[in-house]
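S.K.: After the structure tokens below, expect a handful of questions from me.
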Amino acid sequence: MARSLVSDSIRTRIVLLVLAIALPILTMLIWFFILDLRHTREHADAKVKLLADNTAQILNDYLLERERVLLSLAARPMLRSMDAKHCDPIISDYLALNPSYSTLVVLDLNAHPICSVSQYQPKTDSLALSQFFSAALRQEVFSASAAIFERGSGRWISALAQPIRNQSGSKIGLLRLALDLQKLSDDVFRSVPNEALVTVTDQDRLILLRSQQASSFIGKPSATSAGLSVDMREGFVSIKGLDGINRRTAFVTLAGLNWRVSAGLPEHELLADFRRTLWRSLAVGIATLGVAIALAWRIGIAIIRPISELATTVNRISNGDRSARTKLAGSSEVAMVGREFNRMLDIFEQQAVALKSGEQNLAITLQSIGDAVIATDAAGQITRMNPTAERLTGWPLSEALGLPLSEVFQIIDAHTRLPGLPPVTRVMHSGATIEMPEDTVLLARDGREYHIADSAAPIRDRSEQIVGVVLVFSDITERHRIAAEKMLSVAQMEQAFDASPIGMALISLDGHFLRVNPELCQMLGWTVADLLHCSIQSIASPADLATDLQFMADMVEGKRSSFQLEKRYLHKDGHEVWAQLNVSLVREINRTPIHFVAQIQNISERKQTQDALQASLAEKVGLLHEVHHRVKNNLQVITSLLRLERARCTEAETQTVLNDIIGRVRAMSLLHESLYRSGIFASVDLRNYLKELCNQAFRALAPKNAVIHLELDLDSVKVSMDQASPCGLLVNELLSNSLKHGFPDGRNGLIRIRLQHLSGSQEILLQVSDNGVGLPADFDIKMNSSLGLQLVSDLTRQIKGRLEIGHSQENRQTALFSISFTADLPNS
Numbered sequence: 024m025a026r027s028l029v030s031d032s033i034r035t036r037i038v039l040l041v042l043a044i045a046l047p048i049l050t051m052l053i054w055f056f057i058l059d060l061r062h063t064r065e066h067a068d069a070k071v072k073l074l075a076d077n078t079a080q081i082l083n084d085y086l087l088e089r090e091r092v093l094l095s096l097a098a099r100p101m102l103r104s105m106d107a108k109h110c111d112p113i114i115s116d117y118l119a120l121n122p123s124y125s126t127l128v129v130l131d132l133n134a135h136p137i138c139s140v141s142q143y144q145p146k147t148d149s150l151a152l153s154q155f156f157s158a159a160l161r162q163e164v165f166s167a168s169a170a171i172f173e174r175g176s177g178r179w180i181s182a183l184a185q186p187i188r189n190q191s192g193s194k195i196g197l198l199r200l201a202l203d204l205q206k207l208s209d210d211v212f213r214s215v216p217n218e219a220l221v222t223v224t225d226q227d228r229l230i231l232l233r234s235q236q237a238s239s240f241i242g243k244p245s246a247t248s249a250g251l252s253v254d255m256r257e258g259f260v261s262i263k264g265l266d267g268i269n270r271r272t273a274f275v276t277l278a279g280l281n282w283r284v285s286a287g288l289p290e291h292e293l294l295a296d297f298r299r300t301l302w303r304s305l306a307v308g309i310a311t312l313g314v315a316i317a318l319a320w321r322i323g324i325a326i327i328r329p330i331s332e333l334a335t336t337v338n339r340i341s342n343g344d345r346s347a348r349t350k351l352a353g354s355s356e357v358a359m360v361g362r363e364f365n366r367m368l369d370i371f372e373q374q375a376v377a378l379k380s381g382e383q384n385l386a387i388t389l390q391s392i393g394d395a396v397i398a399t400d401a402a403g404q405i406t407r408m409n410p411t412a413e414r415l416t417g418w419p420l421s422e423a424l425g426l427p428l429s430e431v432f433q434i435i436d437a438h439t440r441l442p443g444l445p446p447v448t449r450v451m452h453s454g455a456t457i458e459m460p461e462d463t464v465l466l467a468r469d470g471r472e473y474h475i476a477d478s479a480a481p482i483r484d485r486s487e488q489i490v491g492v493v494l495v496f497s498d499i500t501e502r503h504r505i506a507a508e509k510m511l512s513v514a515q516m517e518q519a520f521d522a523s524p525i526g527m528a529l530i531s532l533d534g535h536f537l538r539v540n541p542e543l544c545q546m547l548g549w550t551v552a553d554l555l556h557c558s559i560q561s562i563a564s565p566a567d568l569a570t571d572l573q574f575m576a577d578m579v580e581g582k583r584s585s586f587q588l589e590k591r592y593l594h595k596d597g598h599e600v601w602a603q604l605n606v607s608l609v610r611e612i613n614r615t616p617i618h619f620v621a622q623i624q625n626i627s628e629r630k631q632t633q634d635a636l637q638a639s640l641a642e643k644v645g646l647l648h649e650v651h652h653r654v655k656n657n658l659q660v661i662t663s664l665l666r667l668e669r670a671r672c673t674e675a676e677t678q679t680v681l682n683d684i685i686g687r688v689r690a691m692s693l694l695h696e697s698l699y700r701s702g703i704f705a706s707v708d709l710r711n712y713l714k715e716l717c718n719q720a721f722r723a724l725a726p727k728n729a730v731i732h733l734e735l736d737l738d739s740v741k742v743s744m745d746q747a748s749p750c751g752l753l754v755n756e757l758l759s760n761s762l763k764h765g766f767p768d769g770r771n772g773l774i775r776i777r778l779q780h781l782s783g784s785q786e787i788l789l790q791v792s793d794n795g796v797g798l799p800a801d802f803d804i805k806m807n808s809s810l811g812l813q814l815v816s817d818l819t820r821q822i823k824g825r826l827e828i829g830h831s832q833e834n835r836q837t838a839l840f841s842i843s844f845t846a847d848l849p850n851s
């Protein structure tokens, strides 16, 4: 509401200010328009006056010219003679030269025609009776009549009359010239603008001449004369014509003739420039006024916004929103007011927050504290209680407020069941903090009993006067129960400790026995008293002591929570006892180490059994070593014999056969040698075995006159001995076959042997390839009678493999033998 009033008031003042500035400008603009309109009207009046004057001048000049002609004619002797028989021929000539004249007549004083030149002969009685003749006869000088309808020609004419005088100057007749008004209009108004309307009327206000539609209006009363004063012979007036157009009209009277010329121009044309200027000025003025109002409105909004913000902030604060702050906007003065206003609010808020914080801290403390709190005044009546106190006493604060403490806080001795002394009385007398006995029991409103530990302290004001008491107490009922249960639990644990079927011991952090059970004493032959007077260092085997102590130190440092190991203890009679030791560390709640708990189980019989098994296993391993060693030696003997036989033989074919046999025996011998060296008989590392086999066979069989390289790409593959021997023989046969047949005539090349796991399957791929001469196009292993290739086929079936023979995709000249099989390892 305040903001609305402020905004409306300022907006109203700004609008009034804009109007106060705009109204004088608007007034000046209107005054300018009035002056401009007046000037435009004056200019228009001058324009129509000029038109009227020009028309009057043209007409006047025309009549003066006719007057001179008639005066010249009237002075001719033949006309003065007034002889009808001797008419002056110049009359006919003049009329012929001027077709706008319908009749030229010489009349005597009785209106009898003396001479007449006309297409139509006028009647004498008509002339004599005409108003024109009477008026012209009265004139002493040249005169012009009103509009007369000439029946002979059917046209409207105006008769010009010039008196004819004799030598003595006496009037003897009239020279009458009839002007065709239609032709005269055409001649006089030829130069008049089309939009102008010029009319000439006679003394009877009948139209003599008209610039527009003359034939329709000549001889008729002038419509422009309607409503005008008869005496108005000069001046200006706005008249709406028969065509519905408003014209500004000027009136001029011809001197001596009583003819009046009215010339009018359309007002919309005369005022066109003014109206264009008016509209342009109005548009510019309205636009300027609009811009001014908009600018003033924007300025007003810029002024109003910070003030409205201040009003809004005040309104919000009055409604209870203490966090409301105004924005620092507007002019420097408004911004300064806003800052000072905000600073005032901040100071006020800080004070309010400090006050509220004290109240909240007290309330939060009372609400969140785990102990029960009751505050009283000096008379012992309750003023505050926290929820814990409400729960323990059974009294809600709304009911306990103002009651004496002794009615709400009823305590008795747990053993005697007698009421305890009121704590308020004791504090008021002593003036110091007091502690209640630990066997105090609180009787709740609902009859429940709580063991409590409490204290009471005085509340003092600034003058150190006691104004109340605060009582703080806590429920220790659960603590009493836990203590009782703990005592029972300790007794049960001691019984289980002593009755355990395995050795149990509590050991201090420095290694001394704190407690042992009978089973441990029986295991080591020591009494309880003996063990409690010694440490683990004195009964442990020196060979195991270092590990034992290191593990215990790691537990104290928190590096491990427990450990388990097999170690030896010294029996009282001197022999060693094997035991399974499990140790854990007991800590305080704050993680401080207390002591070790050790479980010691006698495993001497199990160790004896394990030693017997190890001895039996070692004996069998030694036997296998001896068997493989003897087989290897025997195969080497056979190899030596074959070499001797090859050296003694002279036939090349026989030597080749012996070389093949030597290679095969070498492959089997190398397998047994590998098993003998590794000491592992369940499986064979095929990579190591094939690597050594290939290197030995290559060195033995490679030709001396060629450069052949051996490339090995072998993965680590474990196979059984039953598969290792066929694989070795396969590689030996294929390698020797490549060396013998793949590179004839000292040809250089490469032999590649690959052993790898096939991705996505359990199969092993063994490949032997060379880039020698390759295999024949019609090669078929089934039709080949070579013993080596037949042996390759048989060995592949032996390992349950699949043999593929062909060439590589890179080089079709390559011989490629691929054997894929599944490794067969014995179950461990």
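Numbering (our numbering), first residue to last: 24 to 851.
Built from N, CA and C at the ideal position, the CB exists for glycine as well.
A quick note: this is a predicted structure, and the numbers were derived from the prediction, not measured.
Grab the span of the beta strand (DSSP E) containing ILE530 for me, first residue to last.
M.R.: 526-530
S.K.: Please classify VAL41: is it buried, with 16 or more other beta-carbons within 10 angstroms of its beta-carbon, or exposed?
M.R.: Using a 10 angstroms sphere on the CB of VAL41, the tally of other CB atoms reaches 16 or more, which defines it as buried.
S.K.: Provide the residue span of the beta strand (DSSP E) that contains ASP210, from first to last.
M.R.: No beta strand (DSSP E) holds ASP210; the alpha helix (DSSP H) holding it covers 204-211.
S.K.: If we count the other Cβ atoms within 10 Å of its Cβ and call it buried at 16 or more, is ASN794 buried or exposed?
M.R.: buried
S.K.: Suppose you measure from the CA of ARG583 to the CA of TYR592; what does that come to, to the nearest Å?
M.R.: 23 angstroms
S.K.: For ASP469, count the other beta carbons within 10 Å of its own beta carbon; 16 or more makes it buried, fewer makes it exposed. Which is it?
M.R.: exposed
S.K.: Beta-carbon separation of ILE397 and VAL493 under 9 angstroms?
M.R.: yes
S.K.: According to DSSP, MET408 sits in a beta bridge with which residue or residues?
M.R.: ILE397
S.K.: Tell me where the beta strand (DSSP E) around ARG777 begins and ends.
M.R.: 772-780
S.K.: Report buried or exposed for VAL606, applying the criterion of at least 16 other Cβ atoms within 10 angstroms of its Cβ.
M.R.: buried
S.K.: Using three-state DSSP, classify GLU163 as helix, strand or coil.
M.R.: coil
S.K.: Looking at the strands, I want to know which residues DSSP matches up with LYS70.
M.R.: Answer is none; LYS70 lacks a bridge partner.
S.K.: Does the segment 737-754 come into contact with the segment 703-717, if we say contact requires no fewer than three beta-carbon pairs (one atom in each stretch) closer than 8 angstroms?
M.R.: yes
S.K.: Pick out whichever of GLY765, LEU758 and LEU312 has its Cα sitting closest to the Cα of VAL815.
M.R.: LEU758
S.K.: How big is the Cα-Cα spacing for LEU58 and ALA182?
M.R.: 47 angstroms
S.K.: Give the straight-line distance between the Cα atoms of ASP477 and ASP498, rounded to the nearest whole angstrom.
M.R.: 9 angstroms
S.K.: Less than 7 angstroms between C-beta atoms, sequence neighbours within five positions excluded: which residues of the same chain meet that for PHE172?
M.R.: TRP179 and GLY242
S.K.: I need the boundaries of the beta strand (DSSP E) containing ASN625, first residue and last residue.
M.R.: 616-625
S.K.: Take GLU413 and list the residues in its own chain whose beta-carbon comes closer than 7 angstroms to its own, dropping the five residues that flank it on each side.
M.R.: PRO419 and LEU420
S.K.: Just reading off the alpha helix (DSSP H) that VAL754 is part of, what are its end residues?
M.R.: Start and end: 744-764.
S.K.: Contact check, LEU82 vs VAL284 under 8 angstroms by CB: the rounded distance?
M.R.: 7 angstroms
S.K.: Which same chain residues end up closer than 7 angstroms to ALA249 when comparing Cβ atoms and leaving out the 5 residues on each side of it in sequence?
M.R.: Low local confidence applies: a pLDDT of 40 at ALA249 is under 50, so the model's placement there is unreliable, with the coordinate-based value given in what follows. Closer than 7 angstroms at Cβ, skipping near neighbours: no residue.
S.K.: Under 9 angstroms, do VAL754 and ILE776 count as touching if we go by C-beta distance?
M.R.: yes
S.K.: Near SER166, what residues of its chain come up, given a Cβ to Cβ distance below 6 angstroms and the 5 sequence neighbours on each side ignored?
M.R.: Taken in chain order, the residues that qualify are ALA159 and ALA184.
S.K.: Work out the CA separation of LYS727 and ILE774 for me, nearest whole Å.
M.R.: 16 angstroms
S.K.: Could you tell me how far apart the beta carbons of LEU229 and ALA169 are, in whole angstroms, since I believe they sit closer than 8 angstroms?
M.R.: 6 angstroms
S.K.: Pick helix, strand or coil for ASP266, following the three-state DSSP scheme.
M.R.: Note: ASP266 maps to coil in three-state DSSP.
S.K.: Rounded to the nearest angstrom, what separates ASP400 and HIS474 at their Cα positions?
M.R.: 26 angstroms
S.K.: Can you round the beta-carbon distance between LEU293 and ALA67 to whole angstroms, since I take them to be within the 8 angstroms contact cut?
M.R.: 4 angstroms
S.K.: Out of VAL447, SER341, VAL431 and ARG362, which has the shortest C-alpha to C-alpha gap to GLY403?
M.R.: VAL447
S.K.: Report buried or exposed for SER663, applying the criterion of at least 16 other Cβ atoms within 10 angstroms of its Cβ.
M.R.: exposed
S.K.: Less than 9 angstroms separating the beta-carbons of HIS291 and ARG298?
M.R.: yes
S.K.: Just to check my reading of the structure: THR411 and GLY393 have Cβ atoms closer than 8 angstroms, yes? What is that Cβ distance to the nearest angstrom?
M.R.: 7 angstroms
S.K.: Using only the alpha-carbon positions, how far apart do GLY267 and ALA43 sit?
M.R.: Near 43 angstroms, if we compare the C-alpha coordinates of ALA43 and GLY267.
S.K.: Report the residue from ARG91, LEU444, PHE619 and PRO112 whose alpha carbon sits nearest the alpha carbon of MET527.
M.R.: PHE619
S.K.: Secondary structure at PRO446, three-state DSSP: helix, strand or coil?
M.R.: Reduced to three states, the DSSP call for PRO446 is helix.
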